[in-house]
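Participant: Structure in structure tokens, see below.
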Amino acid sequence: MMSNDELYLREKVAFLQEMIKKHSYNDSLCAKFREELRPFQAQLDELMAYKEKQNSLAAIMRQAKEALADLRNMKVG
20 MMSNDELYLR
30 EKVAFLQEMI
40 KKHSYNDSLC
50 AKFREELRPF
60 QAQLDELMAY
70 KEKQNSLAAI
80 MRQAKEALAD
90 LRNMKVG
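Reading the sequence shown from the start, the letters are residues 20 to 96 in our numbering.
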């Protein structure tokens, strides 16, 4: 599920990219939109990297919990 921050950043990036395409004939306007896009794209990239890391950690934790449960279920005679 997308957080409000992710949704905002995705919408802002999409809007600015659309403005760049729409005004491709106007170099100065495109430059303005590109400059405005940079920090939003960087924040979105950072957020996506963080989410990917969190998902990887969650998968590792799940595997670790399963391994611990398996060890607990083993009985040493």
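Every residue, glycine too, gets a C-beta built ideally from N, C-alpha and C.
Decide if L35 is buried, meaning its Cβ has at least 16 other Cβ atoms within 10 Å, or exposed.
Facilitator: It is buried - the Cβ of L35 has at least 16 other Cβ atoms within 10 Å.
Participant: Taking only three categories from DSSP, how would you classify M67?
Facilitator: Helix, per DSSP.
Participant: In this structure, how does DSSP classify Y44 when only helix, strand and coil are distinguished?
Facilitator: Coil.
Participant: How many whole angstroms separate the CB atoms of S29 and L56, which I take to be in contact at a CB cut-off of 8 Å?
Facilitator: The sequence given here places Arg at residue 29; Ser does not occur at that position. Contact flag wrong, Cβ pair sits at about 12 Å.
Participant: Per DSSP, what kind of secondary structure is M80 in: helix, strand or coil?
Facilitator: Helix at M80.
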